[in-house]
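A.B. asks: For the sequence shown, our numbering begins at 129 and goes up steadily by one. All C-beta atoms, glycine included, are put in the ideal place defined by N, C-alpha and C. Pasting a structure below so you can have a look.
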Amino acid sequence: MANLLLISGLDPSGGAGLLADARVAEQHGLRAVGVVSALTVQSSAGVAAFEPVDAELVGGQLTALLSDSVVAAGKIGMLGDEEVARAVAEALRLTAAPVVWDPVLAASSGAPLYRGDPRRALALLRDHLALITPNLAEAEVLAGFPVRDLPAMRRAAESLAGGMACLVKGGHLGEGVAVDVLSAGGELVEIAGDRMAGGEDVHGTGCALSTAIACQLAGGAPLAAAAAAAAAFVRARLAAPVRAGRGRPSVM
Ligand code: PLP
């Protein structure tokens, strides 16, 4: 069984972050390996606090792991701060596997999950990434201009891509159809899917999507096909969300 590298925050409720990512990997027939990049205090009702893990510890763990094991692909989620991003970028020199970064900056409830300027984290990481998967708010911060409609999504995807690909997720656009825009190898691809009623209220959709894409890349799928298959995986999960607590349901 091939290894999937996960570098994610820990959500104790299991709806997002490393625990959810590990279940996505398992459902794709991959074996999860990886590190916790940040700790969060949260329940299904929302995020109360977070703390990045000591960057030296994250770097040491990843170096030990990647010096020993081969990974077929990787997914990075919440990093928490620039020091952790730097340690991750350093350690990723040890693998040539395709890596997807879901640049988590805040929970959908609005609670922040990153301290500092994430554009600096992107600058550190980008040489090691195959794909970055910002939502509209994240694309806006990373691209540096408002991203609130389809033309701006296309501009953001094109401006963030380069060396790596960029998938801007349109799930928060609020129209009948959810459109994601992929810029890869100088080409723009739009991936449309029916919006699931109430889909935005389900916890952990971004984590599940980026991990599912990494799983597809681990199996050798080309980027556009990987993104489309991952979106179909998440839509299927959204049809039957998990109710693990008294608050919001989770996708995993
Ligand atoms: N906690 C962790 C560790 C995460 O990685 C994320 C999002 O990626 C969240 C919480 C927030 O998830 P959501 O915005 O789906 O509630």
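Could you name the residues of the same chain whose beta carbon sits closer than 6 Å to that of residue 327, not counting the 5 residues immediately before and after it, in chain order?
C.D. replies: As a first step, residue 327 is located in the sequence shown; it is residue number 199 there, counting from the start. Below a pLDDT of 50, predicted positions are generally treated as unreliable, and residue 327, at 49, falls in that range; the measurement from the model is reported next regardless. So the qualifying residues of the chain are 366.
A.B. asks: Please state whether the Cβ-Cβ distance between residue 352 and residue 152 is less than 8 Å.
C.D. replies: If you number the sequence shown from 1, residue 352 lands on position 224. If you number the sequence shown from 1, residue 152 lands on position 24. Not in contact: residue 352 and residue 152 (Cβ atoms no closer than 8 Å).
A.B. asks: State the Cα-Cα distance for the pair residue 348 and residue 333, rounded to the nearest angstrom.
C.D. replies: As a working note, residue 348 is residue 220 in the sequence shown. As a working note, residue 333 is residue 205 in the sequence shown. Taking the straight line joining both Cα atoms gives about 23 Å.
A.B. asks: Between which residues of its own chain and residue 76 is the CB-CB distance below 7 Å, once the five residues before and five after are set aside?
C.D. replies: Because residue 76 is not part of the residues shown, which for the chain are 129 to 380, the question remains open.
A.B. asks: Rounded to the nearest angstrom, how far is the Cβ of residue 305 from that of residue 275, given a contact under 8 Å?
C.D. replies: If you number the sequence shown from 1, residue 305 lands on position 177. If you number the sequence shown from 1, residue 275 lands on position 147. Contact flag wrong, Cβ pair sits at about 17 Å.
A.B. asks: Counting Cβ pairs closer than 8 Å, one from the stretch 170-178 and one from the stretch 211-228, do we hit at least three?
C.D. replies: No contact exists between the stretch 170-178 and the stretch 211-228.
A.B. asks: Report back the beta-carbon spacing between residue 330 and residue 369 to the nearest angstrom; my notes put them in contact at under 8 Å.
C.D. replies: Mapped onto the sequence shown, residue 330 falls at position 202. Mapped onto the sequence shown, residue 369 falls at position 241. Residue 330 to residue 369, Cβ: 5 Å. Contact.
A.B. asks: Report the option in 269, 278, 280, 212 whose CA atom is closest to the CA atom of residue 253.
C.D. replies: To locate residue 253, count along the sequence shown from 1; it is residue 125. Checking every option, the nearest Cα to that of residue 253 belongs to 212.
A.B. asks: Rounded to the nearest angstrom, what separates residue 350 and residue 250 at their Cα positions?
C.D. replies: Counted from its first residue, the sequence shown places residue 350 at position 222. Counted from its first residue, the sequence shown places residue 250 at position 122. One C-alpha to the other measures close to 23 Å.
A.B. asks: Please report the Cβ distance between residue 186 and residue 131, rounded to the nearest whole angstrom; I am assuming they are in contact, meaning their Cβ atoms lie under 8 Å.
C.D. replies: Along the sequence shown, one-based indexing puts residue 186 at 58. Along the sequence shown, one-based indexing puts residue 131 at 3. Contact flag wrong, Cβ pair sits at about 18 Å.
A.B. asks: In three-state terms, what does DSSP make of residue 156?
C.D. replies: The residue labelled residue 156 in the question sits at position 28 within the sequence shown. In the structure shown, residue 156 sits in coil (DSSP, three-state: anything other than H, G, I, E or B).
A.B. asks: Which of the three DSSP states is assigned to residue 180 in this structure?
C.D. replies: The count along the sequence shown starts at 1 and reaches residue 180 at position 52. Residue 180 falls in the strand class under three-state DSSP.
A.B. asks: Would you report the Cα separation of residue 373 and residue 158, rounded to the nearest angstrom?
C.D. replies: Reading the sequence shown from its first residue, position 245 is the one you call residue 373. Reading the sequence shown from its first residue, position 30 is the one you call residue 158. Looking at the two C-alpha atoms, the distance is approximately 27 Å.
A.B. asks: With a 10 Å radius around its C-beta and 16 neighbouring C-beta atoms as the bar for buried, classify residue 202 as buried or exposed.
C.D. replies: Here residue 202 is taken as the residue at index 74 of the sequence shown, counted from 1. With 16 or more other Cβ atoms within 10 Å, it is buried.
A.B. asks: Which of the three DSSP states, helix, strand or coil, is assigned to residue 246?
C.D. replies: Within the sequence shown, residue 246 is the residue found at index 118, counting from 1. Here residue 246 sits in helix by DSSP.
A.B. asks: How would you write the range of the alpha helix (DSSP H) that residue 345 sits in, first residue to last?
C.D. replies: Within the sequence shown, numbered from 1, the residue matching residue 345 stands at position 217. Unbroken alpha helix (DSSP H) run through residue 345: 333-346.
A.B. asks: Do the CB positions of residue 299 and residue 239 come within less than 8 Å of each other?
C.D. replies: Your numbering for residue 299 matches position 171 in the sequence shown. Your numbering for residue 239 matches position 111 in the sequence shown. Their beta carbons are not under 8 Å apart, which means residue 299 does not touch residue 239 by this criterion.
A.B. asks: DSSP three-state call for residue 327: helix, strand or coil?
C.D. replies: Here residue 327 corresponds to residue number 199 of the sequence shown, with the count starting at 1. Note on residue 327: pLDDT 49, under 50, position unreliable in the model; the coordinate value appears next. It is helical.
A.B. asks: Starting from residue 311, trace the beta strand (DSSP E) both ways and give me its first and last residue.
C.D. replies: To locate residue 311, count along the sequence shown from 1; it is residue 183. From DSSP, the beta strand (DSSP E) with residue 311 extends over 305-312.
A.B. asks: If you follow the alpha helix (DSSP H) that residue 287 is in, where does it begin and where does it stop?
C.D. replies: For this step, residue 287 is matched to residue 159 along the sequence shown. Its alpha helix (DSSP H) spans residues 278-288.
A.B. asks: Whole angstroms are fine: how far does the CA of residue 195 sit from the CA of residue 149?
C.D. replies: The sequence position of residue 149 within the sequence shown is 21, counting from 1. The sequence position of residue 195 within the sequence shown is 67, counting from 1. Distance between the alpha carbons of residue 149 and residue 195 is about 22 Å.
A.B. asks: Quick one: what's got a C-beta closer than 7 Å to residue 176's C-beta in the same chain, skipping five residues either side?
C.D. replies: Here residue 176 is taken as the residue at index 48 of the sequence shown, counted from 1. If we look at residue 176 and ignore the five residues flanking it on each side, its Cβ neighbours are 169, 170.
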